[in-house]
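Take a look at the structure set out below.
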Amino acid sequence: MTRKLVVIGAGMASGRMLEHLFEAEPGAYEVTLFNAEPRGNYNRLMLSPVLSGEKTYEDIVTHDDDWYAAHGVTCRFGERVVGIDRAARQVIGEAGAVAYDKLVIATGSDPFIIPIPGHDLPGVIAYRDLEDTEAMIALGEQPGARAVVIGGGLLGLEAAAGMAARGVEVTVVHLMGHLMERQLDEAAGYLLRKSLMDKGIKVLCQAVSKEIVAGPDGRARALLLDDGTELPFDLLVMAVGIRPSVALAKEAGLAVGRGLQVDDQMVTSDPDVLALGECVEHDGALFGLVAPLYDQAKVLAHTLTGRADRFVNKEVSTKLKVTGCDLFSAGDFAEAEGREDIVFRDPARGVYKRLVLEGNRLVGAVMYGDTGDGAWFYSHIKDATDVSEMRETLIFGPAYQGGGSADPLAAVAALPDDAEICGCNGVCKSTIVGAIQGGAGDLGAVRACTKASASCGTCTGLVEQLLELTLGDAYAAPAAQPVCGCTDLTHEDLRRLIKAQELKSQPAVWQELGWTTPNGCHVCRPAVNYYLLADWPLDYRDDPQSRFVNERRHANIQKDGTFSVVPRMWGGITTPDELRAIADAADKYGVPTVKVTGGQRIDLLGVRGEDLPGIWADLNRAGLVSGHAYSKGLRTVKTCVGSEHCRFGTQDSTGLGVKLEQILWGSWTPHKVKLGVSGCPRNCAEATCKDVGIVCVDSGYQVSVAGAAGMEVKETERLADVATEQEAIDLTVAFVQLYREQAKYLDRPYKWVAKVGLDWVKAQIVDDLDTRQALIDRFEISQSVYRKDPWASEAGETALRARYAPLATLSLEAAE
Amino acid sequence: MNWIDIGSIEEVPLRGARVLKTPAGCVAVFRTAEAEVFATADRCPHKGGPLSEGIVHDRKITCPLHNWVFSLETGMALGADQGQIATYPIRVENGRMLFDASAVALAGAL
Ligand code: SRM
Ligand SMILES: Cc1cc2nc3c(=O)[nH]c(=O)nc-3n(C[C@H](O)[C@H](O)[C@H](O)COP(=O)(O)OP(=O)(O)OC[C@H]3O[C@@H](n4cnc5c(N)ncnc54)[C@H](O)[C@@H]3O)c2cc1C
Ligand code: SF4
Ligand code: FES
């Protein structure tokens with residue numbers, strides 16, 4: 001006897017199920033198929049190639065009219081099912097009811113629409129079906145059309161690339177820090193972003209959409225972000241995720257969690273109702289890719305025909321269908337104990353691969369640029385192969401079992417010919433390689449004929465690597481100390497490469513310079529963070545997570561985990577009001593120790609971490625700001641009383657000290673920087689053992705640099721004698737900026753000057769007035785970002801302030 | 001198992017940490033990737049440094065006081081140093097962090 005089967009949804013899952021059913025037992029069921037879309041089953045995955053113009057709709061139809069007719073399927077396409085009457089075993093369509101013996105729900109999922117104001121305006125679409133695709137295709141026919149895509153996941157990027165291929169100007173707005181964060185890690189996300197930008201697509205990460213505004217015609221016109229940015233568009237595509245389409249099932253009283261719940265046989269809480277596809281939830285899991293749905297289709301067809309089978313959810317793999325963006329991701333990167341990473345990068349080819357191992361098994365793989373081995377890794381993940389035997393060479397793929405290792409010279413080899421190697425003398429790579437090929441066989445010879453590395457010397461390592469690359473084994477480079485275990489590069493090479501290759505983010509550094517770890521370590525990250533912010537003050541945003549606790553918490557950590565708070569006292573000057581505020585704060589927060597520091601200010605020691613924003617806010621109210629007693633930045637400017645009060649004073653040393661501190665405060669430097677200004681050669685401010693020391697004399701100012709009084713004690717060296725206060729200030733600022741741009745992280749100025757030579761420093765800032773001014777200008781640009789009180793921003797912003805408090809407190813009750 | 005919602009993953013900075021106060025002492029909650037968190041004891045076995053204030057890299061934490069490095073997965077000190085920190089069950093579901101409170105209850109009872 002033929003039984004009646006009704007199927008709701010003619011999508012990819014139910015389509016495959018019907019194929020299995022008709023193959024296993026043709027004629028067992030008389031099928032009625034509803035579909036809200038006015039068409040039958042087509043390959044939804046292929047909408048992206050249709051959008052980009054590589055395919056047409058006709059190419060992607062899976063089941064045509066003939067197929068349905070041949071299998072006796074009653075098609076009710078373009079008709080939405082509005083109810084299920086389980087008691088009467090009836091499905092109610094918009095055009096009437098139909099009875100069933102067995103019912104299959106395959107309603108797929110609904111695109112999630114972020115409920116921001118304006119989300120329901122015309123001109124806002126999702127990316128799910130042919131209609132959406134056609135709307136985007138139509139946009140491409142409009143000259144100069146602009147689109148915004150919210151969502152940097154698989155769908156959003158395929159929509160963006162497809163529209164861009166049709167000449168639309170596209171901006172992708174993504175909430176997270178990098179694209180496709182669910183499938184990719186940061187390095188792969190960085191490479192992907194780079195290839196999309198090469199296609200002319202603008203990508204904004206960490207961008208929060210606030211509102212969609214309408215134009216005079218009532219159509220959506222622009223997207224507003226929470227930072228005030230306004231992005232005008234002709235069409236907005238929201239591709240931020242999907243939700244199982246379960247309204248119908250819920251109303252029918254079936255068990256629904258996040259999705260329509262099914263057992264291993266794909267049966268819902270009603271034995272006559274089965275379900276599959278993106279609408280279901282199986283064992284807590286939801287689905288968004290087609291591979292597991294095909295397994296479900298087979299199981300469901302078997303259940304309908306009385307064969308034993310069970311659905312097992314396996315790992316899935318993802319590929320982005322965007323031409324020129326070759327990426328692959330499979331398996332699991334989520335939290336678990338005992339996992340280990342293997343990372344391989346080839347900056348020259350833009351290749352990145354990462355494998356995640358758990359014990360002897362491969363559990364995840366991400367690759368970008370060269371995904372040829374994706375399927376091989378995926379099969380090892382699915383089969384849970386024991387990979388211990390090939391662990392060492394696993395990352396090189398099947399072809400390289402037993403093969404080589406990453407090339408430490410790759411980063412330099414990858415540089416374009418016009419990359420500037422020597423910044424002082426403006427010498428590019430091709431000039432140096434040309435000189436080497438022309439017979440310059442060592443560093444001295446290259447210096448002599450190109451001037452490369454003949455000035456400050458920080459590019460010496462790179463020149464040596466070029467010698468090694470060009471001459472091969474014929475050149476033996478002196479061994480240099482790499483930054484840390486994550487790279488073979490020295491600090492000097494790293495700094496030069498960040499400039500030469502215009503690397504402006506940490507993932508860019510890790511990838512382009514071939515880091516061997518996923519995201520650095522506590523040694524290289526603070527250095528990389530500093531170099532990036534010093535070289536690209538307007539492009540790069542400081543990363544607190546790459547800073548030592550003192551700089552992240554804006555306070556010195558003490559051995560018992562409490563902190564010390566040191567407000568700035570400009571040039572050592574304070575007022576009764578400030579002192580009262582400090583005394584009040586000390587009382588209010590129970591500060592155990594109040595100490596006068598060696599830097600002419602007051603230290604409140606023993607403040608609890610949670611109290612920091614509170615005490616800062618109190619001190620801020622009295623006009624006191626952070627003294628940066630914790631930073632690799634400007635610390636103190638020590639002064640003496642000078643001509644204002646002292647009978648020997650020749651100039652206003654206090655006033656000059658205050659001015660210098662106000663110009664320099666907040667700046668980040670390779671190591672800390674301390675200044676001293678004394679009013680006469682008696683030198684009561686001990687200026688001649690500071691990083692910059694100024695001694696006032698009758699004829700003007702003696703500016704000296706590179707002193708030390710810590711682990712080493714060393715007198716400063718005279719930079720220049722100048723007549724005016726302004727010149728003294730200019731020289732100081734130019735010196736600090738030169739140090740910021742050139743020195744190795746954690747070298748104090750005296751160490752750096754010893755490497756480059758005081759004569760070179762003089763040539764830059766004393767003799768060459770243009771260079772001096774350019775340095776001052778660049779310092780000002782950087783200070784436009786950093787001359788701010790971190791206490792005020794941390795204590796003022798609720799979100800930042802919250803980070804000083806515990807995340808949560810579990811009470812005893814809760815824990816039992 | 002007693003899974004308790006301790007907050008949204010967004011409340012922990014990427015490659016950063018927050019503290020969870022429990023009857024058995026402070027627990028450090030680390031976020032190593034967009035959707036990956038770990039929980040360990042907050043006290044460094046060397047001299048009690050607050051690990052939640054350290055630098056998070058890969059699935060490791062460097063103590064802020066004297067730079068010992070620990071695996072967040074096994075709790076073992078890495079490199080030349082000897083020691084181990086307790087690790088606790090934690091997982092992420094729909095952007096919420098779930099912490100197994102029974103783990104600290106047990107630890108507290110010991
Ligand atoms: C508070 C203070 C001592 C005091 O009570 O006077 C102090 C305290 C610390 N100094 Fe200092 N130094 C203090 C003035 C100095 C001075 C004198 C000066 O500034 O005139 C020096 C010699 C000059 C110099 O800087 O070289 C000094 C040379 C050092 C050094 C060695 C630097 C070097 O290059 O040789 C370190 C270690 C380092 O920075 O790596 C250091 C490191 C430290 C640290 C930050 C150690 C640490 O990493 O935890 C101390 C923090 C203590 C705490 O619990 O908060 N401290 N330290 C002084 C703060 C001055 C201020 O108002 O900001
Ligand atoms: C643009 C795009 C690209 C994709 N690329 C990939 C990829 O590369 N790889 C991959 O694995 N996956 C990809 N996917 C996901 C994949 O297409 C889905 O996983 C798959 O289509 C889900 O199948 P389904 O049958 O559950 O749902 P669907 O295919 O969505 O079918 C459900 C059908 O049910 C109908 N329906 C819903 N409610 C009712 C109702 N009440 N009455 C009648 N009919 C109803 C809907 O109209 C729809 O036609 C992509 C998806 C999109 C949109
Ligand atoms: S000299 Fe400086 S670093 Fe040493 S104990 Fe004193 S304050 Fe600390
Ligand atoms: S207290 Fe952690 S390393 Fe010393």
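So the protein lines, in turn, are chains A and B.
Under the UniProt record's numbering, the residue at position 12 of the first sequence is numbered 12, and the numbers go up by one with no gaps.
Under the UniProt record's numbering, the residue at position 74 of the second sequence is numbered 74, and the numbers go up by one with no gaps.
Note that CB positions come from ideal geometry on N, CA and C, so glycine has one too.
Closer than 9 Å at the beta carbon, the chain A residues around residue 58 of chain B = One-based indexing of the second sequence puts residue 58 of chain B at position 58. For residue 58 of chain B, the residues of chain A that pass the 9 Å Cβ criterion are 341, 517, 518, 519, 520, 521, in the order they occur in the chain.
key: Proximity test, Cβ basis, 8 Å: residue 45 of chain B and chain A   = Against the second sequence, residue 45 of chain B aligns to sequence position 45. It does not: the Cβ of residue 45 of chain B has no partner Cβ on chain A nearer than 8 Å.
key: Inter-residue spacing [alpha-carbon to alpha-carbon] between residue 36 of chain B and residue 13 of chain B   = Against the second sequence, residue 36 of chain B aligns to sequence position 36. Against the second sequence, residue 13 of chain B aligns to sequence position 13. In this structure, the CA atom of residue 36 of chain B is about 11 Å from the CA atom of residue 13 of chain B.
ask   = How about residue 548 of chain A: is its C-beta nearer than 8 Å to some C-beta of chain B?
value = For the purposes of this step, residue 548 of chain A is identified with residue 548 of the first sequence, where counting begins at 1. It does: the Cβ of residue 548 of chain A has a partner Cβ on chain B nearer than 8 Å.
Cα-Cα separation, residue 111 of chain A to residue 320 of chain A = Residue mapping note: residue 111 of chain A aligns to position 111 of the first sequence, counting from 1. Residue mapping note: residue 320 of chain A aligns to position 320 of the first sequence, counting from 1. Going by the C-alpha atoms only, they are around 19 Å apart.
query = Hey, is residue 60 of chain B close to ligand 4, as in C-beta under 7 Å from one of its heavy atoms?
reply = Within the second sequence, residue 60 of chain B is the residue found at index 60, counting from 1. Ligand 4 never approaches residue 60 of chain B closely enough for any of its heavy atoms to be under 7 Å from the residue's Cβ.
query = For a contact meaning CB atoms closer than 8 Å, what does residue 545 of chain A contact in chain B?
reply = Numbered from its first residue, the first sequence carries residue 545 of chain A at position 545. Simply 13, 14, 15, 16, 55, 56.
ask   = Buried or exposed: residue 41 of chain A, going by 16 or more other Cβ atoms within 10 Å of its Cβ?
value = The count along the first sequence starts at 1 and reaches residue 41 of chain A at position 41. Of the residues assessed, residue 41 of chain A falls on the buried side of the cut-off, its CB having 16 or more other CB atoms within 10 angstroms.
message = Spatial neighbours of residue 109 of chain B within its chain, please: C-beta separation below 7 Å, excluding the five flanking residues on both sides.
response = Within the second sequence, the letter at position 109 stands for residue 109 of chain B. Low confidence applies to residue 109 of chain B: its pLDDT is 39, below 50, so where it sits in the model is not reliable, and the reading given next is rough at best. Excluding sequence neighbours, residue 109 of chain B sits near nothing in its chain.
inquiry  = Distance check for residue 397 of chain A and residue 405 of chain A, CA to CA, integer angstroms please.
reply    = By one-based count along the first sequence, residue 405 of chain A stands at place 405. By one-based count along the first sequence, residue 397 of chain A stands at place 397. With a pLDDT of only 42 at residue 405 of chain A, under 50, the local geometry of the prediction cannot be trusted, and no value is derived from it.
inquiry  = Using only Cβ atoms and a threshold of 7 Å, which residues come within that distance of a heavy atom of ligand 4? Order them by chain position.
reply    = That gives B/44, B/46, B/47, B/48, B/49, B/63, B/65, B/66, B/67, B/68.
query = Out of curiosity, what's the CA-to-CA distance linking residue 233 of chain A and residue 367 of chain A?
reply = Here residue 233 of chain A corresponds to residue number 233 of the first sequence, with the count starting at 1. Here residue 367 of chain A corresponds to residue number 367 of the first sequence, with the count starting at 1. Roughly 33 Å between the two C-alpha positions.
key: Interfacial residues, the stretch 20-31 of chain B to chain A, with Cβ spacing under 7 Å   = Those residues of the stretch 20-31 of chain B placed with their C-beta closer than 7 Å to a C-beta in chain A are 20, 21, 22, 23, 29, ordered along the chain.
task = With a 10 Å radius around its C-beta and 16 neighbouring C-beta atoms as the bar for buried, classify residue 648 of chain A as buried or exposed.
result = Locating residue 648 of chain A in the first sequence gives position 648, where the first residue counts as 1. The residue is exposed, with fewer than 16 neighbouring Cβ atoms inside 10 Å.
task = Confirm the yes/no value for this check: CB of residue 35 of chain A, any heavy atom of ligand 2, distance under 7 Å.
result = Taking the first residue of the first sequence as 1, we reach residue 35 of chain A at position 35. In terms of side-chain proximity, the C-beta atom of residue 35 of chain A is found nearer than 7 Å to a non-hydrogen atom of ligand 2.
task = List the endpoints of the continuous beta strand (DSSP E) containing residue 232 of chain A.
result = In the first sequence, residue 232 of chain A corresponds to position 232, counting from 1. Unbroken beta strand (DSSP E) run through residue 232 of chain A: 230-232.
task = Measure from the C-beta of residue 806 of chain A to each C-beta in chain B and report whether the shortest distance is under 8 Å.
result = Numbered from its first residue, the first sequence carries residue 806 of chain A at position 806. For residue 806 of chain A, the answer is yes, since a Cβ of chain B falls inside 8 Å of its Cβ.
key: Residue(s) in a DSSP beta bridge with residue 361 of chain A   = Along the first sequence, one-based indexing puts residue 361 of chain A at 361. Bridge pairing for residue 361 of chain A: A/358, A/386 [DSSP].
Cβ neighbours of residue 360 of chain A in the same chain (closer than 7 Å, five flanking residues each side left out) = Translated into positions along the first sequence, residue 360 of chain A becomes position 360. The answer, listed in chain order, is 386, 387, 388.
task = Check whether the stretch 604-624 of chain A touches the stretch 639-655 of chain A, counting contact only when three or more Cβ pairs, one atom from each stretch, lie closer than 8 Å.
result = The stretch 604-624 of chain A makes no contact with the stretch 639-655 of chain A, as fewer than three CB pairs between them are under 8 Å.
inquiry  = What does the alpha-carbon distance come out to for the pair residue 89 of chain A and residue 805 of chain A?
reply    = Taking the first residue of the first sequence as 1, we reach residue 89 of chain A at position 89. Taking the first residue of the first sequence as 1, we reach residue 805 of chain A at position 805. Cα-Cα distance, rounded: 57 Å.
request  = Pair every Cβ in the stretch 502-519 of chain A with every Cβ in the stretch 631-646 of chain A, then say whether three or more of these pairs are closer than 8 Å.
outcome  = Counting Cβ pairs under 8 Å, fewer than three are found: no touch.
message = So with CB distances below 7 Å, who are the chain B contacts of residue 338 of chain A?
response = In the first sequence, counting from the first residue as 1, residue 338 of chain A sits at position 338. Going along chain B in sequence order, the residues near residue 338 of chain A (Cβ under 7 Å) are 73, 74.
Cβ-based neighbour list, residue 20 of chain B, same chain, cut-off 8 Å, excluding 5 preceding and 5 following = For the purposes of this step, residue 20 of chain B is identified with residue 20 of the second sequence, where counting begins at 1. Within the same chain, residue 20 of chain B has close Cβ partners 6, 26, 27, 28, 29, 39, 99.
message = Mapping the DSSP letters down to three states, classify residue 548 of chain A as helix, strand or coil.
response = On the first sequence, residue 548 of chain A is found 548 positions in, with the first residue counted as 1. Three-state DSSP puts residue 548 of chain A in coil, outside helix and strand.
ask   = Using 8 Å as the limit for Cβ to Cβ distance, is residue 335 of chain A near chain B?
value = Working through the first sequence from its first residue, we reach residue 335 of chain A at position 335. Because residue 335 of chain A carries a pLDDT of 47, less than 50, the predicted location of this residue cannot be relied on, and no value is offered for it.
ask   = Between the Cα of residue 118 of chain A and the Cα atoms of A/213, A/438, A/64, which residue gives the shortest distance?
value = As a position in the first sequence, residue 118 of chain A is number 118, starting the count at 1. A check of alpha carbon separations from residue 118 of chain A across A/213, A/438, A/64 identifies A/213 as the nearest.
message = Any beta carbon of chain A sitting closer than 8 Å to that of residue 6 of chain B?
response = In the second sequence, counting from the first residue as 1, residue 6 of chain B sits at position 6. Yes, contact with chain A.
key: Closest Cα partner of residue 799 of chain A within the set B/8, B/4, B/1   = As a first step, residue 799 of chain A is located in the first sequence; it is residue number 799 there, counting from the start. For the residues B/8, B/4, B/1, the minimum Cα distance to residue 799 of chain A belongs to B/8.
key: Residue interval of the alpha helix (DSSP H) (run including residue 828 of chain A)   = No answer is possible for residue 828 of chain A: the residues shown for chain A start at 1 and end at 816.
request  = Can you tell me the Cβ-Cβ gap for residue 231 of chain A and residue 222 of chain A, rounded? I've got them flagged as a contact below 8 Å.
outcome  = Against the first sequence, residue 231 of chain A aligns to sequence position 231. Against the first sequence, residue 222 of chain A aligns to sequence position 222. That pair is a contact at about 6 Å.
task = Counting only runs of 4+ residues fully inside the stretch 103-149 of chain A, write out the alpha helix (DSSP H) ranges in chain order.
result = Segments of the alpha helix (DSSP H) lying fully in the stretch 103-149 of chain A: 130-140.
inquiry  = For residue 101 of chain B, would you say it is in contact with chain A, using Cβ-to-Cβ distances shorter than 8 Å as the test?
reply    = For the purposes of this step, residue 101 of chain B is taken as the residue at position 101 of the second sequence. Output row for residue 101 of chain B: interface = yes.
query = CA-CA distance, residue 631 of chain A and residue 543 of chain A?
reply = Here residue 631 of chain A is taken as the residue at index 631 of the first sequence, counted from 1. Here residue 543 of chain A is taken as the residue at index 543 of the first sequence, counted from 1. When rounded, the distance between both Cα atoms is 14 Å.
key: Rounded separation between residue 252 of chain A and residue 169 of chain A - CA only   = Position 252 of the first sequence, counting from 1, holds the residue named residue 252 of chain A. Position 169 of the first sequence, counting from 1, holds the residue named residue 169 of chain A. The straight-line gap from Cα to Cα measures roughly 45 Å.
query = Which ranges would you report for the alpha helix (DSSP H) in the stretch 699-787 of chain A if only whole runs of at least 4 residues count?
reply = Segments of the alpha helix (DSSP H) lying fully in the stretch 699-787 of chain A: 725-742, 749-756, 758-762, 769-786.
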